[in-house]
């Protein structure tokens, strides 16, 4: 899956076992896919304070890999 939102881009491969719970936690639409959820989680943590990038991964349950590119900050974050 590929998704981009407000200069944050994500390529996601795999599945999240807790996708429904995370959609509720972040107040997202039921149609939200894994790539968009990862972007929203990343943006929420980035905008709320000095959280390390790996905080995004701590709530994700499943078998997945993704790469996030934040054009605004020029950073790339990958997780396996």
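In UniProt numbering, the protein residues as written are 1 to 80. We treat Cβ as the ideally placed atom computed from N, Cα and C, and that holds for glycine.
Buried versus exposed, by CB contacts within 10 Å (16 or more), residue i
{"i": "residue 12", "result": "buried"}
{"i": "residue 37", "result": "buried"}
{"i": "residue 24", "result": "exposed"}
Residues sharing a beta bridge with residue i, DSSP
{"i": "residue 45", "result": "For residue 45, which the question treats as bridged, DSSP gives no partner whatsoever."}
{"i": "residue 21", "result": "DSSP output for residue 21 lists no bridge partner at all."}
{"i": "residue 9", "result": "4, 69"}
{"i": "residue 16", "result": "62"}
Which of helix, strand or coil DSSP assigns to residue i
{"i": "residue 26", "result": "helix"}
{"i": "residue 37", "result": "helix"}
{"i": "residue 76", "result": "strand"}
Cβ shell of residue i (< 8 Å), same chain only, five flanking positions each side left out
{"i": "residue 18", "result": "59, 60, 61, 62"}
{"i": "residue 83", "result": "For the chain, the structure presents residues 1 to 80; residue 83 sits outside this window and is missing."}
Own chain, CB closer than 7 Å to residue i, minus 5 neighbours either side, in chain order
{"i": "residue 72", "result": "7"}
{"i": "residue 79", "result": "57, 65, 66"}
Contact set for residue i: own chain, Cβ-Cβ below 6 Å, skip 5 residues either direction
{"i": "residue 68", "result": "10, 42, 77"}
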